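In the working numbering, the protein residues as written are 308 to 424.
In what follows, a structure is listed as structure tokens, so that the remarks can point back to it.
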């Protein structure tokens with residue numbers, strides 16, 4: 308299960324999520340029966356959750372429950388060389404899918420991609 312922008316969840320929703328994670332059950336909206344949950348969770352956010360915990364806008368117990376593996380991925384604009392590599396990868400993939408033959412990027416194009424922020 309992907310939880311996108313978890314840092315903007317209200318404290319009430321955080322409490323509900325934590326309960327579902329801990330008890331492995333939840334109630335569907337409008338339902339009375341408990342539903343069992345077996346899921347792995349990937350959570351993403353642009354919010355500094357450690358700071359949010361300090362400011363008490365994010366539950367500390369939920370933070371530690373979710374923070375087993377942390378991957379900090381810098382914005383693409385901070386990784387200029389990666390943009391050209393990604394563009395080449397997409398060009399190759401779409402070339403295969405749509406039978407367009409071999410395509411490439413000029414050195415000028417690669418440099419423009421590196422410089423763009």
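Glycine included, every Cβ here is placed at the ideal spot set by N, Cα and C.
Note that this is a predicted model, so its numbers are computed, not measured.
- Our two residues, residue 322 and residue 417, have alpha carbons roughly 47 Å apart in a direct line.
- Rounded to whole angstroms, residue 410 and residue 398 show a C-alpha spacing of 7 Å.
- The DSSP-derived three-state label of residue 341 is strand.
- Where residue 328 is concerned, there is no enclosing beta strand (DSSP E), although the alpha helix (DSSP H) around it starts and stops at 318 to 330.
- Going by DSSP, residue 311 is part of the beta strand (DSSP E) stretching over 309 to 311.
- The C-beta separation of residue 369 from residue 324 comes to about 7 Å, placing the pair in contact by the 8 Å criterion.
- Just so you know, the alpha carbons of residue 405 and residue 396 end up roughly 14 Å apart.
- Partner residues in the beta bridge of residue 350, as assigned by DSSP, are 310.
- Residue 315 sits close to residue 354, with the two beta carbons spaced by under 9 Å.
- 384 is the residue among 378, 311, 342 and 384 whose C-alpha sits nearest the C-alpha of residue 423.
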